[in-house]
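Engineer: Just dropping this structure here.
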Amino acid sequence: MTPAQELEEELKNVDTELGVVESEIVKLKSRQRMLHEKKNSLKHAINKLKSDKLAEVDWEGTNYTWSNDVKDILQIVFQLESFRPKQLSVINATLSGQHVIAVMPTGAGKSLCYQLPAMVQGGLTIVVSPLVSLIEDQVRSLTSKQIAVKYITSTTPKEQITEILHTISDKHCNMKLLYVTPERFAKSKRFMANLQKCYANGRLQRIAIDEVHCCSQWGHDFRPDYKYLGILSGMFQKTPILGLTATATAHVLSDVQKMLSIPGSLVIKSTFNRPNLYYKIIKKPTSQDECISIIENLLKHRYRGETGIIYTNSIKDSEDIAIELTKRGLKVGCYHANLDANDRTKVHTKWHEKKYQALAATVAFGMGIDKPDVRFVIHHTISKTMENYYQESGRAGRDGNHAECVTMYRMQDIFKVSSMVFSSIGNLDHLYGMVKYCLNGATCRRQLIAEHFDEDWGDTDCNKMCDICSDEQSEIEEIDLQWHCKTLVSIIEIAENQDTKLTANKLLDAWFLKGPVALRHKGKLPKLSREVAEDVLAFLLVENYLVEDFHFTSYTTISYIKKGPCMDSIHDTNFSLKMPIRKYTPLSQNNKKETSREMAHQVKSFKKRKTTFEAESEAKVSKIVVID
Ligand SMILES: Nc1ncnc2c1ncn2[C@@H]1O[C@H](COP(=O)(O)OP(=O)(O)OP(=O)(O)O)[C@@H](O)[C@H]1O
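The sequence shown: position 163 = 619 (the working numbering), numbered continuously.
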């Protein structure tokens, strides 16, 4: 062997050995990853056990040293008779010094959970809140109750900030609450220094973090500034943290605890049922003019003298609706992200003071609307997710009185929304969840919302406060879809053979033997109304028998329809697919008083009705009729 060959041989051996080492590294890395995952899931399980253990304590008690003060302050300062569900638990737990995450639905009264304790003990409560309008509303309301409260936001003048910071570091300060936006923690060393002085003086009583789900990247509303709040529990070890949110997913909550460095802390969750909200879906006409006429009539009659919100999904729609309703003699403002901060405040205030009966708004009109007597929320266009829908509609009836959540639905809106959201993973599934809710013609709407939040409210919790449960005579008709699926597949295949793409409308046309002759199927005209046929297409889409296929043009994104993964099963011998037909009952213009009276009566005779309702539900189930 030449010296070069010897070296070559050695090199080979080294390579072989390197290969062995690398494969060991891969194995070890994979083991490391597995151990990390295991470690995380063990940590999660331990934290969950800790949270659950803390949750076993009866926090509703009235024998704490502060219980009498709590009761007096509730009645004298806040002028409220009693607590809403879980408010007292959160108050007792935070006054006991626990870190608490309070999960309550929109309008359930989360603010009281930190405002009231602030009055029970000496010292200062810092309230972190993401929205200036929310801060302003709350400060206005607390000031009117003679409570010493201040706020710092990006628009607060420098001298005022200096004065406030001076006050909080003063041993004798009598300020009870200070509201700040989260970026204060990230961007102001001066603020942090004064907060540390406040803590050193033993005066930092509590840190309340509103909309605490904004800490989590898993939530629907992640805000980068919230991540700086993670240092607080370490920096102010004796100060309890109280996080508040209306987002209930376990994943988000666990992430929030992690981000705030309070793993295993107590989680107090109240039910998401809002018994005073009446949920209804109405048919949305194809023309915008007719849509606006429906809203006009509702505002002029059913909701005369009442205040509400009309949600839509585009700035243009919000402007058009507001302009058109104003032309028709109504007082309706418009609110969207393109308004500057001043205009937003102006519009919000006019609405708050009832100078506007309604706002036609995009989702920019969101968090922190503290108007208790919103009597109606109309969705002119469906929301992107059920979570969003619940938050948006939940802005109605925060005072606990009857309020209505009306959604205008038509198939075409699915594509309006899907073409905006499809690019992120999971978004279409979320949207289809919302569509399923709209298409539903047989199950109590509350039941569907409960399922979404992993809760079980039981059938009787609705008290006929949704269009499904209140429709006593309804006979649920089901439509057998097997034959229709075959027809639709044949049209899709005809189009594919001709290299033609089908929008949902084109597919419907061909199904009804309209539009280009070359695309039409060879069968008979379906024995369905176009309306029901639209529901069938939407149903097949959300059930994965059809899928959307998005294509870009220079101006827009178009959604085309293709066969979905489930469509292959239609030829199976035991294939069966049925869809309950949704009834489109219009919303009467003026029977709301009757509904309210009926509701009051229902609450009184709840026990009696419970049995009746169970009987009715059974009757409904037995009245299913199948048509094709
Ligand atoms: N115990 C109570 N009794 C009667 N009304 C109450 C009670 N607690 C709070 N409220 C009222 O309920 C309304 C909603 O309260 P709050 O703004 O705190 O809700 P929230 O849970 O923070 O909602 P959001 O998630 O939208 O911010 C307010 O008008 C408040 O005064």
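Every residue gets a Cβ at the ideal spot worked out from N, C-alpha and C, and that includes glycine. Here the structure is a predicted model, which is why all the values come from computation and not from measurement.
Are A814 and G761 close, meaning C-beta to C-beta below 7 Å?
Structural biologist: With a cutoff of 7 Å on beta-carbon distance, A814 and G761 are scored as not near each other.
Engineer: So the beta strand (DSSP E) H835 belongs to, where does it begin and stop?
Structural biologist: That run of the beta strand (DSSP E) goes V830 to H835.
Engineer: With a cut-off of 8 Å, do at least 3 Cβ pairs link the region 724 to 733 to the region 545 to 564?
Structural biologist: Touching, yes, given that three or more Cβ pairs across the two stretches are closer than 8 Å.
Engineer: Using alpha carbons as the reference points, say which of Q673, S875, S486 and T550 lies closest to A664.
Structural biologist: T550
Engineer: If we ignore side chains and look at the alpha-carbon of each, how far apart do Q1058 and L895 end up?
Structural biologist: Residue confidence for Q1058 is low, a pLDDT of 44 falling below 50, so the modelled location carries little weight; the figure read from the coordinates is stated next. Taking the straight line joining both Cα atoms gives about 27 Å.
Engineer: Examine ligand 1 and report whether any of its heavy atoms sits within less than 6 Å of the Cβ of G822.
Structural biologist: no
Engineer: Does DSSP put S1052 in a helix, a strand or coil?
Structural biologist: Only weak support exists for where S1052 lies, its pLDDT of 49 falling under 50; the coordinates are left without a value.
Engineer: Is A702 close to ligand 1? I mean its beta-carbon at under 6 Å from any heavy atom of the ligand.
Structural biologist: yes
Engineer: If we call anything under 7 Å between Cβ atoms a contact, is E907 one with Y734?
Structural biologist: no
Engineer: Using 10 angstroms around the beta-carbon of V546, count the other beta-carbons present and answer buried if the total reaches 16, otherwise exposed.
Structural biologist: buried
Engineer: For V945, which option in H977, I905, G822 and V973 has the closest C-alpha, if you only look at C-alpha atoms?
Structural biologist: H977
Engineer: Skipping 5 residues on each side, what residues in its chain have a beta carbon closer than 7 Å to that of T472?
Structural biologist: Here T472 has no same chain residue with a Cβ atom under 7 Å from its own Cβ, once five neighbours each way along the sequence are excluded.
Engineer: Measure how close the beta-carbons of I697 and L709 come, nearest whole angstrom, since I'm counting them as under 8 Å.
Structural biologist: The pair is not a contact, with the Cβ atoms about 14 Å apart (cut-off 8 Å).
Engineer: Taking its Cβ as the centre, do 16 or more other Cβ atoms sit within 10 Å of R489, making it buried, or is it exposed?
Structural biologist: Exposed: under 16 other Cβ atoms inside 10 Å.
Engineer: Where in the region 514 to 589 do unbroken runs of the beta strand (DSSP E), each at least 3 residues long, occur, reported from the N-terminal end onward?
Structural biologist: 556 to 559 and 580 to 584
Engineer: Would you list the one or two residues that DSSP bridges to H757?
Structural biologist: Here H757 is not bridged, per DSSP, to any residue.
Engineer: Can you have a look at P1102 and say buried or exposed, based on whether 16 or more other CB atoms are within 10 angstroms of its CB?
Structural biologist: Because the chain in this structure spans residues 457 to 1084, residue 1102 falls outside the shown range and cannot be described.
Engineer: Given a cut-off of 7 Å, decide if K606 and L634 are closer than it, judged by their beta-carbon atoms.
Structural biologist: yes
Engineer: Going by alpha carbons, who is nearest to V526 out of I947, A501, Y570 and K942?
Structural biologist: Of the candidates I947, A501, Y570 and K942, the one whose C-alpha sits nearest the C-alpha of V526 is Y570.
Engineer: Using alpha carbons as the reference points, say which of K1018, L505 and G553 lies closest to I948.
Structural biologist: K1018
Engineer: How big is the Cα-Cα spacing for S1044 and D923?
Structural biologist: Whole-angstrom Cα-Cα distance: 12 Å.
Engineer: Would you mind giving the Cβ-Cβ distance between G853 and R730, rounded to the nearest angstrom? I have them listed as a contact below 8 Å.
Structural biologist: Correct: roughly 7 Å between the Cβ atoms.
Engineer: Quick check: is any heavy atom of ligand 1 less than 6 Å from the C-beta of G971?
Structural biologist: no
Engineer: Beta carbon of T581: closer than 6 Å to some heavy atom of ligand 1?
Structural biologist: Outside the cutoff, so no.
Engineer: With C-beta atoms as the reference, is L716 less than 7 Å away from R659?
Structural biologist: no
Engineer: Under 7 Å between the Cβ atoms of L958 and Y1016?
Structural biologist: yes
Engineer: Beta-carbon within less than 6 Å of F647's beta-carbon, same chain only, minus the 5 sequence neighbours each way: which residues are those?
Structural biologist: Contacts found: R640.
Engineer: Taking the alpha-carbon of K566 as reference, which of Q577, L590 and G720 has the nearest alpha-carbon?
Structural biologist: The shortest CA-to-CA distance from K566 to any of Q577, L590 and G720 is the one to L590.
Engineer: Using the DSSP secondary-structure output, state which residues sit across from V482 in a beta bridge.
Structural biologist: Looking at the DSSP assignment, V482 forms no beta bridge with any residue, so it has no partner.
Engineer: So V862 is in the alpha helix (DSSP H); what residue range does that whole segment cover?
Structural biologist: That residue, V862, is in no alpha helix (DSSP H); its beta strand (DSSP E) goes A859 to Y865.
Engineer: Taking 6 Å as the cut-off, is the C-beta of D593 nearer than that to any heavy atom in ligand 1?
Structural biologist: Answer for D593: no, Cβ out of range of ligand 1.
Engineer: Figure out for me which residue from T805, I825 and V862 has the closest Cα to the Cα of F832.
Structural biologist: Per the Cα distances, V862.
Engineer: Answer yes if the region 533 to 546 comes into contact with the region 609 to 628, meaning at least three C-beta pairs across the two stretches below 8 Å, and no otherwise.
Structural biologist: no
Engineer: For V1082, count the other beta carbons within 10 Å of its own beta carbon; 16 or more makes it buried, fewer makes it exposed. Which is it?
Structural biologist: Reliability of the predicted coordinates at V1082 is poor, the pLDDT of 47 falling under 50, and no value is obtained from them.
Engineer: In terms of residue numbering, what span does the beta strand (DSSP E) encompassing K962 cover?
Structural biologist: Not the beta strand (DSSP E): K962 falls in the alpha helix (DSSP H), residues A960 to W967.
Engineer: Taking 6 Å as the cut-off, is the CB of S567 close to at least one heavy atom of ligand 1?
Structural biologist: Checking every heavy atom of ligand 1 against the Cβ of S567, one is found closer than 6 Å.
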